[in-house]
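The UniProt record's numbering puts the first residue of the sequence shown at 1, with every later residue one more than the last. Glycine included, every Cβ here is placed at the ideal spot set by N, Cα and C. Working notes, structure below.
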Amino acid sequence: MIWNFTDYRPYLVEKLGSEGSRTGLRKKLAEAIGVHTTFVSQVLKEKGDFSLEQGESINGFLSHTYDEGEYFLLLLMKDRAGTRELKKRFQDKIEAQRKERLNIKKRLEVQTEISAADRERFYSNPYYGAIHVLIPIPEFRRVEKIAEALKLSREQVQDMVDFMIKIGLLSEKNGELVSGSQHMHLGNDSSTILKHHSNWRLHALQNLRFVQPENIHYSACLSLSREDAFKIKELLLAELKNHMKIVEKSPEEVAYVYNFDFYPLLGK
């Protein structure tokens, strides 16, 4: 996280990779801000500074949020300042922003209960749920990795992550995202249950476009006795409970979508 840095150079080295790491990101950054890669290397070795205009272009290149962009420019202005007094002014602003940002309780005011409005927002978009189940998997504890996996912009993911931190579903620890103290559960009488079911069934329909042998999709209409329909329903519910017991004890390595439906065709 950029808030862990008080100098923009180490931050950029972490984002771009050290010299000779062959990530290709230094070259891409140079192209994005209209300079030669040699200039980027010189700046990172403290032999020069980026201009504020170049700093703003770097904000775009790294997909900084508005607040992250403001903070990055503060770091840049501090290093560009020509007097000790001006450097101190920017340093004070930097420390004030860091204190506010890193104090999670003050910044996000984590709620003790999840309000109906926040539940509605969470279930309005399946990506909230997707992010929530990805976070426990070690490789998805950073916004950039989640955005890449879900094919969303970094800004979109950051906005959703900030919301989930605010309501206690996620938290930050040592610069990584982890599960929070709150849990989200919808009863069958919830006003948002229809949206929740719709979201993941639409997701399943989208997944059908990509034929993968390991995926399971099954649909059918059946004619059977009332007694056997009841038996199947009981078996499905019992199996659901067994599956959830397995999930509770399972280490988080992959994320799956789990849907099933069994209901009367004529609604009776």
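Query                                                                                                                                                                   : Result
Residues in its own chain within less than 7 Å of I146 by CB, not counting five upstream and five downstream?                                                           : I131, L134, F140 and V157
If you measure between the beta carbons of L44 and L29, is that distance less than 8 Å?                                                                                 : no
What whole-angstrom Cβ distance do I165 and E252 have, given they're in contact under 8 Å?                                                                              : Incorrect: roughly 19 Å between the Cβ atoms, too far for contact.
Using alpha carbons as the reference points, say which of I246, K47, D261 and A96 lies closest to L236.                                                                 : D261
Which two residues bound the contiguous beta strand (DSSP E) that contains E172?                                                                                        : L170 to K173
Which runs of the beta strand (DSSP E) fall wholly inside the UniProt domain "DUF4423" (107 to 265) and span at least 3 residues, in chain order?                       : 170 to 173 and 176 to 179
Classify R26: buried if its beta carbon has 16 or more other beta carbons within 10 angstroms, exposed otherwise.                                                       : buried
What is the DSSP secondary structure of F61, reduced to helix, strand or coil?                                                                                          : helix
For R80 and Q97, I'd like the C-alpha separation in whole angstroms.                                                                                                    : 19 Å
Mind reading off the beta-carbon distance from V161 to V143? Whole number of angstroms is fine, and I expect it under 8 Å.                                              : 6 Å
List the whole-angstrom C-beta distance separating I167 from Y71, where the pair is believed to meet the contact cut-off of C-beta under 8 Å.                           : With a Cβ gap of about 24 Å, I167 and Y71 do not count as contacting.
If we count the other Cβ atoms within 10 Å of its Cβ and call it buried at 16 or more, is H64 buried or exposed?                                                        : buried
Would you check if the distance between the CB atom of L73 and the CB atom of L86 is smaller than 8 Å?                                                                  : no
How many angstroms separate the CA atom of E239 from the CA atom of K233?                                                                                               : 10 Å
On the criterion of 16 or more Cβ atoms from any shown chain inside 10 Å, does Q54 qualify as buried, or is it exposed?                                                 : buried
Any idea what DSSP makes of I104, helix, strand or coil?                                                                                                                : Since pLDDT at I104 reaches only 48, below the 50 mark, its modelled position is unreliable, and the value read off the structure follows with that caveat. Of the three classes helix, strand and coil, the one that applies to I104 here is helix, per DSSP.
Are the Cβ atoms of G48 and F39 separated by less than 8 Å?                                                                                                             : yes
So for residue 284, helix, strand or coil by DSSP?                                                                                                                      : Nothing can be reported for residue 284, as the shown portion of the chain is limited to 1 through 268.
Please report how far the alpha carbon of I216 lies from the alpha carbon of A149, in whole angstroms.                                                                  : 21 Å
Should G55 be flagged as near chain C, meaning a C-beta pair shorter than 8 Å?                                                                                          : Here chain C cannot be found, since the structure has a single protein chain.
If you count every other CB in all the chains shown that lies within 10 Å of the CB of Y256, and 16 or more means buried, which is it?                                  : exposed
Is DSSP giving T37 helix, strand or coil here?                                                                                                                          : helix
Could you tell me the distance, in whole angstroms, from the CA atom of L108 to the CA atom of P126?                                                                    : Because the pLDDT at L108 is just 46, under 50, the model does not fix this residue reliably, and the value given afterwards should be weighed accordingly. Their Cα atoms are separated by approximately 22 Å.
Am I right that R121 and F163 are in contact with their C-beta atoms under 8 Å? What's the rounded C-beta distance?                                                     : 7 Å
Excluding the 5 residues preceding and the 5 following Q34 in the sequence, name in chain order all residues of the same chain whose CB lies nearer than 7 Å to its CB. : The displayed chain sequence assigns Gly, not Gln, to residue 34. Nothing meets the Cβ criterion.
Using three-state DSSP, classify M77 as helix, strand or coil.                                                                                                          : helix
Quick check on DSSP: helix, strand or coil for G24?                                                                                                                     : coil
Rounding to the nearest angstrom, what Cα-Cα distance links S171 and E100 in this structure?                                                                            : 16 Å
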